[in-house]
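Chains as they are written, first to last, in the UniProt record's numbering: chain A, 1 to 449; chain B, 1 to 449.
The beta-carbon is built from N, C-alpha and C at its ideal position, and this holds for glycine as well.
Notes for the one structure printed next.
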């Protein structure tokens, strides 16, 4: 299979370049037609490799693509998810070659979307094409569900999944939108934290007041918000909001072991980030704190005069952006309620507070012993020569939880990117070594199933 | 004297209008020549009323004016201070008539500087002119020291005073740059709070970090500053910085009585300001809190992402503007040291803090029983029919403390404005009733001395 891939690699890369040339930036209205064009290009490619029942489903935003091939009788069915939209490109001046003119240098392909996620998604199409060419058929049933709104938080996909449970039913959902641990060390991510983002506003008077005339006798909106925000953590870095830890599991030893196996160089990381020390929940390692423990962070804060110079005002309003990362069975809506109650209880005299929910996403954790995951691990081992590790991601990909919950099926997060491929940044790229090995691993996986 | 003033009122107002037409905005470089023009106009007027030794002293900024008349042998000498510069005028669209086209309506003169301080300072010139015309001489020795930089914090006057102690020596410094309590109720302000303004910066990492990848394990610059700022006050509204109250006197009963005599309508004020309740140091009334007690206020705070929407960053820097109002014998430089020490002691792990001093000004309190003040009170009583009250201002006019300390002489703050004459705001004005009564009161005062 390896040789067969090498024979076709050049033409595969030319095809990928075509897709990468389409500036399908979902966040920018002026690129709406480009996003549509990327969907059409993919629909055509799916047809070319033998997929059937191809649909471009229009939504209020960008379209969802569906396709299937269901002729492998009594074999399992896999649902492949990916996204054909990309992040904006600014700052443009930092790109060494233009973001939508794909260029190969040093065995990497450079372009916006090269690894996130056009390049990784494309691997599945080419794996299927090769298997079909070689055997005239496929060893598994395939369904594709590809969206164009991942970079804008997938507003239209969850309702589509909800309404099409039967149609999308599968034995596993396959997603390649994560990364290896490092060159040569594959990874299957088995946990993603959930998210809850909020905005807190505090108001204490009609208008900013002069600190000479009123200072000392009236509430100050910045003092008030400081007082509230300072109640969120105790001296051990634990979140001091009542019931916040409801649903947070005590990590099993096996999970702690899986976390400990992921390389985490504290000394190097401190240097790179310019931090004096790590700082978090007592009783957990930094690697655990950023992956399997929940957080509450203030992401931004503003109030009063903060320009050049000085203004002797008593601020009448202030606001803070606050977010949580959630784990286990924590529910964003419940956690929001607890935080709201906590803020009400801790609001000082004269502070009118208002909390607003902005973003929610459930956490998800997958069992690395699930046979669908273990077979993916076998495929990785065959191609890369080592078994994958099982990292727990600190970030959130809310759609993973939706697939897992609504379709009631394991999700296999097989990453083929590398951690430093500049996703969401200038000079995004994808290593060609993993382009070839990715196709090979997917072929192996399908054959093992 | 009253009739004599009425006879000349029209021509006096025409003269004042000439001065008010000069847009002498000290803060704006494009008005530098206008500030100079106002100084020249005043120098000419001082000459016209018989003043001698007139000097326009150039500085690095705008000029200082000096003039004197020292022929009242064995009589006391008064030094009259005022300023001929004005505040900027924006928002221009809110002015009912243009700020530099003085207009009289409803017995008020409208223009930028009408009450602060061209109008009030002009009263002294006209009082002297009338006395001189009537008697051919003056009952006191007069010195004028008028500046053009009061609205930009008087950078050049204190060193001038320091260098010219002998030249400026007097039995009292007279300043009319404050206000009556209300129509018909005169006031001599006998205390001004000092000021100390600072900026605190906190840094925790090289760059903002992603809250998914690092959330839970690294310091957050907003958390850090919140933790520091929340240590400044205890639960009784007292400032919890060690040694902060050094030099703060326990208010004497007479002082508390003088404060209590000033009308302070708590109910009305709460409504007007839109505050739920007053909030300050336990054990003092709001009227005391804003006048004879020191404060520490956060005037502004910023850190992380605070625009529309959401960004899941862990902020790497934050900053706060902090200021104190000081009383009694508190020294701004000492207080700054105590605050710096306090911040160092209370900085959490991983926070690199930096404090910068921006503004300092000493507090001043004057004894209402001083004969120079009591004679001013007599003059007020003769003209207004009631004795003045002795308010303690919550704000700061640092030059008052400089005169008081360097010349070692009482400062008599005889206000003739009214509290709602829109100083520093659109539609600034000055009531003509107090224009006439002001001139009369000053004449009476000079004759009493």
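- Taking a C-beta distance under 8 Å as the contact criterion, residue 35 of chain A and residue 78 of chain A do not qualify as a contact pair.
- Taking residue 21 of chain A as the centre and dropping the five residues before and after it, the same chain places the C-beta of 100 closer than 6 Å to its C-beta, in chain order.
- With contacts defined by Cβ atoms closer than 8 Å, residue 323 of chain A and residue 97 of chain B do not form a contacting pair.
- When DSSP states are grouped into helix, strand and coil, residue 53 of chain B belongs to the strand group.
- Residue range 332-346 is occupied by the alpha helix (DSSP H) that includes residue 346 of chain A.
- Among the CB atoms of chain B, one or more fall inside 8 Å of the CB of residue 230 of chain A.
- Not a single C-beta of chain B is nearer than 8 Å to the C-beta of residue 425 of chain A.
- Using a Cβ-Cβ cut-off of 9 Å, residue 438 of chain A is close to nothing in chain B; its nearest Cβ partner there is about 23 Å away.
- If you compare the alpha carbons of B:119, B:205, B:110 and B:54 with that of residue 83 of chain B, the shortest gap goes to B:119.
- Just so you know, the alpha carbons of residue 128 of chain A and residue 143 of chain A end up roughly 11 Å apart.
- As summarised for the segment 269-327 of chain B, the continuous beta strand (DSSP E) elements at least 3 residues long and confined to that stretch are 295-304 and 317-326, given in chain order.
- According to the DSSP secondary-structure assignment, residue 67 of chain A is paired through a beta bridge with A:144.
- About 4 Å separates the CB atoms of residue 194 of chain B and residue 326 of chain B; that is less than 8 Å, so the two are in contact.
- Collapsing the DSSP output to three states places residue 26 of chain A in coil.
- The Cβ of residue 295 of chain B sits closer than 8 Å to at least one Cβ of chain A.
- No Cβ of chain A is located within less than 8 Å of the beta carbon of residue 200 of chain B.
- Under the 10 Å beta carbon count, residue 25 of chain B is surrounded by 16 or more other beta carbons and is classified as buried.
- Pairing residue 430 of chain A with residue 16 of chain A, the inter-Cα distance amounts to about 11 Å.
- Under the Cβ distance rule, residue 314 of chain B counts among the residues neighbouring chain A, one pair being separated by less than 8 Å.
- Residue ranges of uninterrupted alpha helix (DSSP H) with 4 or more members, entirely inside the segment 137-200 of chain A and ordered along the chain, are 157-163 and 165-168.
- In this structure, residue 416 of chain A sits near residue 123 of chain A, with a CB-CB distance shorter than 8 Å.
- Contacts between residue 405 of chain A and chain B, judged by CB atoms closer than 9 Å, are missing: the closest CB pair is about 20 Å apart.
- By the Cβ rule, the segment 169-181 of chain A does not count as touching the segment 290-299 of chain A, because fewer than three pairs are nearer than 8 Å.
- One finds 216 in chain B with Cβ atoms closer than 7 Å to the Cβ of residue 281 of chain A, taken in chain order.
- Nearest Cα to residue 205 of chain B within the set A:148, A:250, A:200 and A:272: A:272.
- Spatial neighbours of residue 436 of chain A in its own chain (CB-CB distance under 8 Å, excluding positions within 5 residues in sequence) are listed in chain order as 2, 5, 6 and 9.
- Counted as a single uninterrupted DSSP element, the stretch harbouring residue 75 of chain B is not any alpha helix (DSSP H), since DSSP gives it neither H nor E.
- For residue 277 of chain B, the nearest beta carbon of chain A is closer than 8 Å to its own beta carbon.
- Taken through DSSP and simplified to helix, strand or coil, residue 409 of chain B comes out as coil.
- In summary, residue 137 of chain A is exposed, with fewer than 16 beta-carbon neighbours lying within 10 Å of its beta-carbon over all protein chains present.
- In the structure shown, residue 83 of chain B falls within a strand segment according to DSSP collapsed to helix, strand and coil.
- Taking 8 Å as the upper bound on Cβ-Cβ separation, chain A lies near no residue of the segment 56-87 of chain B.
- Residue 239 of chain A carries a strand assignment under DSSP once its states are collapsed to helix, strand and coil.
- Exposed is the label assigned to residue 277 of chain A, since fewer than 16 other Cβ atoms lie within 10 Å of its Cβ.
- Counting every other CB atom within 10 Å of its CB across the protein chains shown gives residue 254 of chain A a total below 16, marking it as exposed.
- Using a CB distance cut-off of 8 Å, residue 392 of chain B does not count as an interface residue toward chain A.
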